[in-house]
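In full-length UniProt numbering, the protein residues as written are 1 to 119.
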């Protein structure tokens with residue numbers, strides 16, 4: 001009865017899960033996680049730069065992409081390629097924005113915002 005709401009678990013598997021619960025082999029969280037865990041192929045970015053991007057710029061982008069911590073976000077890695085492609089297509093704009101904020105932090109406090117940053 002406790003696994004009734006989990007549609008991903010077939011009836012026979014629910015019985016086996018209950019037995020595993022009773023024997024102490026698995027707890028409820030382990031059973032539900034195993035049945036609902038999302039599996040997907042991880043995205044591997046291409047080694048050649050996209051159109052309009054220099055090889056140095058592409059290398060810097062790949063280094064940045066590797067440092068991004070996205071795995072804790074819901075649905076990861078199902079949307080990983082889409083996010084990569086979207087960010088890569090706006091790389092020049094993002095770099096410009098980052099450089100402007102990084103330069104501004106040298107002049108003032110990096111932990112505070114002024115009124116101009118809200119606009």
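In this text, a Cβ means the ideal position worked out from N, Cα and C, and glycines have one as well.
For residue i, count the other beta carbons within 10 Å of its own beta carbon; 16 or more makes it buried, fewer makes it exposed. Which is it?
i           : result
residue 175 : The shown model of the chain, from 1 to 119, leaves out residue 175, and the question about it has no answer.
residue 80  : buried
residue 17  : buried
residue 90  : exposed
residue 15  : exposed
residue 3   : buried
Given this structure, state the Cα-to-Cα distance separating residue i from residue j, to the nearest angstrom.
i         : j          : result
residue 8 : residue 95 : 43 Å
Verify whether the separation of the beta carbon atoms of residue i and residue j is less than 8 Å.
i          : j          : result
residue 68 : residue 38 : no
residue 31 : residue 20 : yes
residue 57 : residue 49 : yes
So the candidates are the options; which of them puts its Cα closest to the Cα of residue i?
i          : options        : result
residue 62 : 72, 43, 71     : 43
residue 52 : 88, 1, 101, 12 : 88
Does residue i come out as helix, strand or coil in the three-state DSSP assignment?
i          : result
residue 99 : helix
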